[in-house]
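Asker:
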Amino acid sequence: MKSSLARANDNIQKRHRKAGLFRLLCASVTWLGAALLATLLIQVTLDGIKWLDLQFLTSFPSRFPYKAGVKSALVGTLWLITMIAFISIPIGVATALYLEELSSKGKVGKIIEVNIANLAGVPSIVYGIIGLAIFVRGLGFERSLLSGALTMSLLILPVIIIASREAIKTVPMSIRHAAYALGATKLQTAWAHVLPASFPGILTGVILALSRAIGETAPLIMIGALTYVAFLPEGPMDAFTALPIQIFNWVSRPQQEFHELAAGGIIVLLAVLLTMNATAIFIRQKTEKKLQ
Amino acid sequence: MKSIKSIEESGFQSEHVNVMPSVDDVILDIDNVSISYSGNPAVKHVSFPIAKNKITSIIGPSGCGKSTLLRSINRMNDFIEGVTVDGNLSYAGQNVYSAKIDPVEVRRNIGMVFQKPNPFPKTIYKNISWGPQINGFAGSMDELVEKSLRQAALWDEVQHRLHESALGLSGGQQQRLCIARALAMEPDILLMDEPCSALDPISTSHIEDLLFDLKSRYTIVIVTHNMQQAARISDYTAFLEMGDLIEFGVTNQLFTRPNQKRTEEYVTGRFG
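These protein sequence lines map, in sequence, to chains A and B.
Here the working numbering is used: the first residue of the first sequence is 71, the next is one more, and so on.
Here the working numbering is used: the first residue of the second sequence is 105, the next is one more, and so on.
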């Protein structure tokens, strides 16, 4: 007759087997995701790499594939992302700071919080419709960079606010108390201590949000960003195109060469994105080191 | 009634008072103060005076309301939701809870050192200079930083690394930095909430020595769960239990000839 402890041992082996299976399942799903991404990247690179040269970066779009390039789209994207950053970061961070640090927490705060969380889940095309109604028609900004940047800022503001609030929440209460005990006001405390201490977290959220904005197409199509632009924007009120729109345009053409051009455009878009991310990681690590 | 200095405590070459503070000596009067958290009373009808240039300690078992009482003095309780304070905390002739008083102004004059060292994640220099800077200090900041660090007995250890991060200091050094930071504001009163509870015995004795030196210039109110510490350093002691003030008196008397049985039981270690 087996003792109850021996039976427990049987059980342990069973549990170990189960744990092993589960681990395998998780690992295979993880690798599946990575493999899909790798396939995608390889496919795109193989298709697009032969079109990727200086001529591609410095030419305007054309109906002849060998003459076509992403110049206006790339410059448009850079304009757009810079303007989005200038609009959305100050508003987003200030909102988060107000909600977390300065406002008295009550019912109104809760309502705003729920609303912002909901806004983060609204489809981007809906923001496009809002942008069309308010900025393009209502305020008369036409199909300009300004309209595009404002619309995109609306789209990513909830993400920036939520990420910044989370970052601000991680700043230890003891630091705030230390500042208050020295006769600091809430604003002085938030500005001098809470904001710098939460900076790395805020930066992460901002970069995620900007990366989303750089890849969005739907709202831009909605507000009428042009698909064929043979000039460079010179100010915020100029018409523009952007990389995702150019890619979308090329993909929708029947010729094989344009499909390959689209792949080239994707590589450029990814390069811009990775550069942004790398810069953010570099700045974050530098500031984190300074804090330690 | 004048405070008469007397008795030399064995081990310490310091002078302790043995009479209650006179009216002239009182810098802060705690008068019938009750504090509750969302209706649950934490401190009930407590009254005792804080004497100028003396060390007053508040002792009592955990949860007796001693930290709550201390934090009400410079209105740090304002940051906890649902706290209500009744009664009169009279400082410089005014109730610090009167509607006319700006709590920020109170905290400029009544400094605080916390249980755990909480330096800002900035340089040692900036830890000291920030408080005076935001409050419009116009003199020489370098001199003020040096003076404050000297007062906190930290200058010799950090003078060559003023512009390094304060987080690189040891726990005891960090706590002395926090004391220096509070002293840089030249407060009338310095509140200390179990300042040695997170420190080792050597750092603790450093800070106790420091408090002796500071007494001539500052008024200190210290909350401690360490009765030996209260007996060693303070001139007056208040003993709280379950939110009630059981006894307030001259430290020597309270520890050797307490009036209340509960005090005697607590100071002789029979409970708590």
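All residues carry an ideal CB built from backbone N, CA and C; glycine is no exception.
May I have the straight-line CA-CA distance separating A:Leu-102 from A:His-247, to the nearest angstrom?
Answerer: Each residue's Cα considered, the two are about 48 Å apart.
Asker: In whole angstroms, what is the alpha-carbon distance linking B:Ser-118 and B:Gly-169?
Answerer: In this prediction, B:Ser-118 has a pLDDT of 45, which is less than 50 and means its spatial position is unreliable; nothing more can be read from the coordinates.
Asker: Based on the DSSP secondary-structure assignment, which residues constitute the bridge partners of B:Gly-215?
Answerer: Its beta-bridge partners are B:Leu-294.
Asker: Give a yes or no on whether 9 Å exceeds the smallest Cβ distance from B:Met-180 to chain A.
Answerer: Taking Cβ atoms only, chain A reaches closer than 9 Å to B:Met-180, which makes this a yes.
Asker: Quick one: which residues of the segment 211-240 of chain B get their C-beta closer than 7 Å to a C-beta of chain A? List them in chain order.
Answerer: Taking 7 Å as the Cβ-Cβ cut-off against chain A, the residues of the segment 211-240 of chain B that qualify are Arg-211, Arg-212, Gly-215, Met-216, Phe-218, Lys-220, Asn-222, Phe-224, Pro-225, Trp-234, Gly-235, Ile-238 and Asn-239.
Asker: Output yes if chain B places a C-beta closer than 9 Å to the C-beta of A:Ser-268; else output no.
Answerer: Not one chain B Cβ lies under 9 Å of A:Ser-268.
Asker: With distances taken from CA atoms, which of A:Glu-304, A:Ile-351 and A:Glu-330 is nearest A:Val-276?
Answerer: The shortest Cα separation from A:Val-276 among A:Glu-304, A:Ile-351 and A:Glu-330 belongs to A:Ile-351.
Asker: Looking at C-beta atoms only, is the number of pairs between the segment 329-344 of chain A and the segment 164-176 of chain A that lie closer than 8 Å three or more?
Answerer: With the cut-off at 8 Å, the segment 329-344 of chain A and the segment 164-176 of chain A do not touch.
Asker: So who's on the other strand from B:Ser-398, going by DSSP bridges?
Answerer: There is simply no residue 398 of chain B to check, as chain B begins at 105 and stops at 376 in what is shown.
Asker: Out of A:Ile-337, A:Ala-260, A:Gln-355 and A:Leu-150, which has the shortest C-alpha to C-alpha gap to A:Leu-364?
Answerer: Coverage of chain A is limited to positions 71 through 362, which leaves residue 364 of chain A absent and any answer about it impossible.
Asker: Residues in the segment 242-258 of chain A with C-beta within 7 Å of chain B's C-beta atoms, listed in sequence order?
Answerer: For the segment 242-258 of chain A, which is checked against every Cβ of chain B, the residues closer than 7 Å are Ser-244, Ile-245, His-247, Ala-248, Tyr-250, Ala-251, Leu-252, Gly-253, Ala-254, Thr-255 and Gln-258.
Asker: Could you check how far apart the C-beta atoms of A:Ile-317 and A:Ile-337 are, in whole angstroms? I think they sit under 8 Å.
Answerer: No, A:Ile-317 and A:Ile-337 are not in contact; Cβ-Cβ is about 10 Å, not under 8 Å.
Asker: List, in chain order, every chain A residue whose beta-carbon is nearer than 7 Å to that of B:Met-331.
Answerer: Those do not exist, as B:Met-331 stays about 26 Å from chain A at its closest Cβ, beyond 7 Å.
Asker: Using beta carbons (cut-off 9 Å, strictly below), is B:Val-208 in contact with chain A?
Answerer: Chain A contact via Cβ: present.
Asker: Out of B:Glu-312, B:Gln-263 and B:Gln-255, state which residue places its alpha-carbon closest to the alpha-carbon of B:Arg-285.
Answerer: It is B:Gln-255 whose Cα lies nearest to the Cα of B:Arg-285.
Asker: What in chain A is Cβ-close to B:Phe-183, meaning under 9 Å?
Answerer: Neighbours of B:Phe-183 on chain A, chain order: Met-243, Arg-246, His-247 and Tyr-250.
Asker: Determine the DSSP secondary structure at A:Tyr-18, reduced to helix, strand or coil.
Answerer: Residue 18 of chain A is absent from the model: chain A starts at 71 and stops at 362.
Asker: Would you decide whether B:Tyr-322 is buried or exposed? Buried here means 16 or more other CB atoms lie within 10 Å of its CB.
Answerer: By the 10 Å Cβ count, B:Tyr-322 comes out buried.
Asker: Rounded to the nearest angstrom, what separates A:Phe-211 and A:Leu-224 at their Cα positions?
Answerer: Taking the straight line from one Cα to the other gives about 16 Å.
Asker: So what's B:Leu-344 in DSSP terms, helix, strand or just coil?
Answerer: Strand.
Asker: How is B:Lys-148 classed by DSSP in three states: helix, strand or coil?
Answerer: The answer is strand: DSSP assigns B:Lys-148 an E or B state.
Asker: Would you report the Cα separation of A:Ile-186 and B:Ser-166, rounded to the nearest angstrom?
Answerer: If you take the alpha carbons of A:Ile-186 and B:Ser-166, they lie about 42 Å apart.
Asker: Can you give the Cα-Cα distance for B:Val-200 and A:Pro-266, rounded to whole angstroms?
Answerer: B:Val-200 and A:Pro-266: Cα-Cα distance of roughly 32 Å.
Asker: From what residue to what residue does the alpha helix (DSSP H) around A:Val-184 run?
Answerer: Note, A:Val-184: alpha helix (DSSP H), 177-189.
Asker: Tell me, please, whether the CB atom of B:Cys-282 is closer than 9 Å to any CB atom in chain A?
Answerer: Closer than 9 Å: yes.
Asker: Go to B:Ile-162, then tell me how far its beta strand (DSSP E) extends in each direction, as first and last residue.
Answerer: First-last of the beta strand (DSSP E) with B:Ile-162: 159-163.
Asker: Give every residue of the same chain whose Cβ lies closer than 7 Å to the Cβ of A:Ala-219, excluding the five residues on either side of it in the sequence, and list them in chain order.
Answerer: Result list for A:Ala-219: Leu-150, Met-153, Ile-154 and Ile-157, in chain order.
Asker: Determine the burial state of B:Thr-227: buried for a count of at least 16 other Cβ atoms within 10 Å of its Cβ, exposed for fewer.
Answerer: The residue in question, B:Thr-227, is buried, as its Cβ has 16 or more Cβ neighbours within 10 Å.
Asker: What residue range does the alpha helix (DSSP H) around B:Thr-172 cover?
Answerer: Its alpha helix (DSSP H) spans residues 170-177.
Asker: Can you tell me whether B:Pro-153 is helix, strand or coil according to DSSP?
Answerer: If DSSP states are grouped into helix, strand and coil, B:Pro-153 belongs with the strands.
Asker: Grouping DSSP H, G and I as helix and E and B as strand, with all else coil, what is A:Ala-104?
Answerer: A:Ala-104: helix per DSSP, three-state reduction.
Asker: Chain A partners of B:Met-289, CB-CB under 8 Å?
Answerer: Here the neighbours are Leu-252 and Gly-253.
Asker: Please classify A:Thr-345 as buried or exposed, where buried requires at least 16 neighbouring CB atoms within 10 angstroms.
Answerer: Answer is exposed; the Cβ neighbour count stays below 16.
Asker: Compute the distance between the beta-carbons of A:Pro-306 and A:Leu-202, then report whether it is under 9 Å.
Answerer: No.
Asker: Are the C-beta of B:Arg-285 and some C-beta of chain A separated by less than 9 Å?
Answerer: Answer yes: the Cβ-Cβ gap between B:Arg-285 and chain A drops below 9 Å somewhere.
Asker: Roughly how many whole angstroms lie between the Cα atoms of A:Ile-199 and A:Lys-177?
Answerer: Approximately 30 Å between the Cα atoms of the pair.
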